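Down below is the structure, laid out as structure tokens.
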Amino acid sequence: MSRRRQIYEGKAKILYEGPEPGTLIQYFKDDATAFNAQKKGTIQGKGVINNRISEYVFTRLNHIGVPNHFIRRLNMREQLVRQVEIIPIEVVVRNVAAGSISKRLGIPEGDMLPHTLIEYCYKDDALGDPLVAEEHIRCFGWAGHDEMQDIADMAIRVNDFLCGMFAAINIRLIDFKLEFGRIWDGDFSRVILADEISPDGCRLWDMVTGEKLDKDRFRRDLGGEEEAYQEVARRLGLLQDDNGPSEVFDLSKHRKLRGK
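Be aware that the sequence shown starts at -5, since it is given in the numbering used here, and climbs by one per residue.
The structure is reproduced here in structure tokens:
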């Protein structure tokens, strides 16, 4: 498929004009960023892995009735998606304390939360994607009351599905980020899941070793980022090699190299 006009370039993806009205081509890059793009780098092959994982997850979510923008994968790095009006809210779903919530509230990383927690951040890199309440979202018109109910309901449903999917391959889902957008039919709109679901936006820990299988390896200079992403894809059956599915992922050599 010939490449069309570029619509938008983000930190991890590029959006191009799609072949039909109401569609976009989503291209996955190998670029890696952390701390609101203060740290930048490359994880070789990340775009290919994330394209496959996101395709797999979105396809299965569609099967259980979670509406999303995914149409089909086009090639190793591109997929065709529905064009949506992105709601400028990042939805963070937390099952276990880690990352910013541990720093903000002093909760030890790894502690189970009393129940699944949903947080909202206003999508603005210049402001550092600040944490906001539902009152802010409604006050400033970023999303309506009914839309927020739909978002919360879908976020919990996605969490239930992902927890089970990852637990089946010995991975613990710590937390993850979601984005939603509107699709319009005349004067009426509905909210659907958009963006991607991959190790870029999920914290994934091996259930046996506790090893991090996500972008935290890049954030914290742990090394083994490529291997971690590949391991997630392999356990999901998206990569084939000579190792059995029950093999425990071991990144001890990367820890030793860095004295961690």
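Where a beta carbon is used, it is the ideal one built from N, C-alpha and C, also for glycine.
Being a predicted model, the structure only gives us computed values, none of them experimental.
Problem set entry | Terminal residues of the beta strand (DSSP E) in which T27 lies | By one-based count along the sequence shown, residue 27 stands at place 33. Where T27 is concerned, the enclosing beta strand (DSSP E) starts and stops at D25 to A28.
Problem set entry | Among C157, G39 and R229, nearest to V90 - alpha-carbon criterion | In the sequence shown, the residue the question calls residue 90 occupies position 96. That would be C157, whose Cα lies nearest to the Cα of V90.
Exercise. DSSP on T36, reduced to helix/strand/coil?
Worked result: Counting from one through the sequence shown, the residue named residue 36 turns up at place 42. Note: T36 maps to strand in three-state DSSP.
Exercise. Using 8 Å as the Cβ pair cut-off and three pairs as the minimum, do the segment 97 to 104 and the segment 55 to 64 touch?
Worked result: Proximity of the segment 97 to 104 to the segment 55 to 64 falls short of the contact definition, fewer than three beta-carbon pairs being nearer than 8 Å.
Exercise. If you pair each beta-carbon of the segment 102 to 112 with each one of the segment 134 to 154, do three or more pairs fall below 8 Å?
Worked result: Counting Cβ pairs under 8 Å, three or more are found: they touch.
Exercise. Between R71 and Y21, is the Cβ-Cβ spacing less than 8 Å?
Worked result: As a first step, residue 71 must be located in the sequence shown, where it is residue number 77. As a first step, residue 21 must be located in the sequence shown, where it is residue number 27. Cβ distance < 8 Å, so R71 and Y21 count as in contact.
For this session: Quick one: residues in its chain with C-beta nearer than 6 Å to the C-beta of D181, no 5 flanking neighbours on either side, listed in chain order?
Result: Along the sequence shown, read from residue 1 onward, the residue named residue 181 stands at position 187. Once the five neighbours on either side are set aside, D181 has no close Cβ partner at all.
Problem set entry | Beta-carbon gap between V255 and L233 smaller than 8 Å | Any question about residue 255 goes unanswered here, given that the chain covers just -5 to 254.
Exercise. If you follow the beta strand (DSSP E) that E11 is part of, which residue opens it and which one closes it?
Worked result: Here residue 11 corresponds to residue number 17 of the sequence shown, with the count starting at 1. Here the beta strand (DSSP E) through E11 covers K7 to E11.
Exercise. Out of S48, F174 and D123, which has the shortest C-alpha to C-alpha gap to M30?
Worked result: As a first step, residue 30 is located in the sequence shown; it is residue number 36 there, counting from the start. Per the sequence presented here, residue 30 reads as Asn, with Met not at that position. For N30, the closest of S48, F174 and D123 by C-alpha to C-alpha distance is D123.
Exercise. Quick one, which of H63, D25 and Y223 has its alpha-carbon nearest G12's?
Worked result: Position 18 of the sequence shown holds residue 12. Distances from the alpha-carbon of G12 to those of H63, D25 and Y223 put H63 closest.
Exercise. Which class does D179 belong to by DSSP, given the choice of helix, strand or coil?
Worked result: Numbered from 1 along the sequence shown, position 185 holds the residue referred to as residue 179. It is a strand residue.
Exercise. Considering I145, what are the terminal residues of the alpha helix (DSSP H) in which it resides?
Worked result: Against the sequence shown, residue 145 aligns to sequence position 151. Its alpha helix (DSSP H) spans residues H139 to A161.
Exercise. Using the C-alpha atoms, what's the distance from V51 back to D140?
Worked result: By 1-based counting over the sequence shown, the position of residue 140 is 146. By 1-based counting over the sequence shown, the position of residue 51 is 57. Looking at the two C-alpha atoms, the distance is approximately 25 Å.
Exercise. Hey, is the segment 162 to 176 in contact with the segment 192 to 204, meaning 3+ C-beta pairs nearer than 8 Å?
Worked result: Because the criterion of three Cβ pairs below 8 Å is met, the segment 162 to 176 and the segment 192 to 204 touch.
For this session: Could you check what DSSP says for F170 in three-state terms: helix, strand or coil?
Result: Mapped onto the sequence shown, residue 170 falls at position 176. In the structure shown, F170 falls within a strand segment according to DSSP collapsed to helix, strand and coil.
Exercise. What's the gap between the Cα of N44 and the Cα of Y116?
Worked result: Walking along the sequence shown from the start, residue 44 turns up at place 50. Walking along the sequence shown from the start, residue 116 turns up at place 122. So the two alpha carbons sit approximately 24 Å from each other.
Exercise. In terms of residues, what are the limits of the alpha helix (DSSP H) holding F212?
Worked result: The count along the sequence shown starts at 1 and reaches residue 212 at position 218. F212 -> alpha helix (DSSP H) spans D210 to R213.
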